[in-house]
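Inspection log for the structure reproduced underneath, given as structure tokens.
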Amino acid sequence: MAELHAYVLPGGYRLLVGRDVRGRDLLRHLLTETFLWAWVMVTALAIGGAWVVRGIFRRILTSIARTTSAIARGDIRQRMPIVGNEVDLVARTVNDMLDRIQRLMEGVKQVSNAIAHDLRTPITRARARLEDASLHAKTDEELHHAIDRAVADLDHITSVFEALLRIAQIEAGARRAAFETCNLVPPLHDVAELYEATAEERGLHLRVRLPEGLWTHGDARLIQQSVANLLDNAIKFSPADTVIMLEAQIKNGSILLRVADQGPGMAESELARASERFFRADTARNTPGSGLGLSLVQAIAQLHGGRLDLSNGHPGLIATLVLPSVAPPAASITQESFVPHHAVR
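1 is the number of the first residue of the sequence shown in the UniProt record's numbering; add one for each residue after it.
Structure below.
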């Protein structure tokens, strides 16, 4: 197949020019066919890929729907599947949320059971005393004595509910609005000074060893109360003529506040449960208290992104409050004097 062109030249001559165009037509046909097949293959791959992706997402969504349905039916132990794709980010976030919900629900169940068990005794005792006084009190003095003892029982119940409310507020993060960069040394010295007199009355020696600066971002009054609870427990369980140590240090970007006593300590099996609400170790069965002090300390530590570690000192118990440390501000302002809160027993 050829393409011809004729040209008229001067003198009556004619010029005929031609070329073979079969190669060009073949190339055009080849390119057209190639593009057509490429389009067909791309379309087929796109449709097939979309079908595969649809199947994958359908299986993922079916698994998520199955899990959420089980959770909606009350099986809070179910978790979103981790399958190794981009959906895992959402699945892990949802699983973290479910973990927290499960912990909160278990805490509510534990508190409900503990309230039903631990508060039944003082309520029953107060009722029995008032009933006995109404039936058998012969003098005003006997009646007043019975009423005073019943009021003491009811005051104990009130203090327990106040402590529970305080713990709930802390766990809900309601106190984060008061967070600021603060030096813990002044409030720690204040609380140590307050409990030094109590320790001396019990024949105990309170030793304090603190650095010049312990800077953190948080609520200094809450941290002060947590240390007050730890000191109160140490004084309560320490035998006479022993030493209670309050010390602090900064290690690996964390503040370690440590209260150590020389009391009976705890069994190893009890250490993990010591911060549970209303938990009472065997050595504390005959000691006044509600079992909420360490629960409050744990809640305060977690509010600040820290934790409470308990270990046996052989003898005694070592309670370590771990809090994040921050750099002091450029111009440190002298801290105000803190008035310690009463410890939650």
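For every residue, glycine included, the Cβ atom is placed at its ideal position computed from N, Cα and C.
| Item | Value |
| --- | --- |
| Curious, which full-length alpha helix (DSSP H) runs of at least 4 residues does the region 161-226 contain? | 185-201 |
| Might you give, ordered along the chain, the residues of its own chain that have their beta carbon closer than 8 Å to the beta carbon of ALA299, omitting 5 neighbours on each side? | ILE167, ILE170 and GLU171 |
| Would GLY316 pass as a contact of GLY263 if the rule is Cβ separation under 8 Å? | yes |
| What is the residue span of the beta strand (DSSP E) that MET245 lies within? | 243-251 |
| Whole beta strand (DSSP E) runs in the region 105-144 with 3 or more residues, listed along the chain? | none |
| What are the residues that DSSP puts in a beta bridge with THR68? | Paired residues: none, contrary to the question. |
| With ASN327 as the anchor, note down where its alpha helix (DSSP H) starts and where it stops. | According to the sequence as given, residue 327 is Ala; it is not Asn. Counting along the chain, ALA327 falls outside any alpha helix (DSSP H), and DSSP gives it neither H nor E. |
| Would you list the one or two residues that DSSP bridges to ALA260? | MET245 and ILE318 |
| Could you check the C-alpha separation between ILE64 and SER275 for me, to the nearest Å? | 35 Å |
| Can you pull the DSSP bridge partners for ASN312? | LEU317 |
| Who are the Cβ neighbours of GLN249 in its own chain at under 6 Å, not counting the five residues just before and after it? | LEU256 |
| Quick one: grab the DSSP three-state call for TYR235. | Before going further, note that residue 235 is Ile rather than Tyr in the sequence given. DSSP places ILE235 in helix when its eight states are reduced to three. |
| Taking VAL259 as the reference, which of ALA6, ILE244 and GLY253 has the closest Cα? | ILE244 |
| Are the region 119-126 and the region 89-100 in contact at 8 Å, needing three or more beta carbon pairs? | no |
| Quick check on DSSP: helix, strand or coil for VAL83? | coil |
| Based on the DSSP output, what are the partners of ILE255 in its beta bridges? | ILE250 and LEU323 |
| Would you call the region 213-231 and the region 182-194 in contact, with 3 or more CB pairs under 8 Å? | yes |
| How big is the Cα-Cα spacing for GLY173 and GLY213? | 26 Å |
| Can you pull the DSSP bridge partners for ARG307? | VAL322 |
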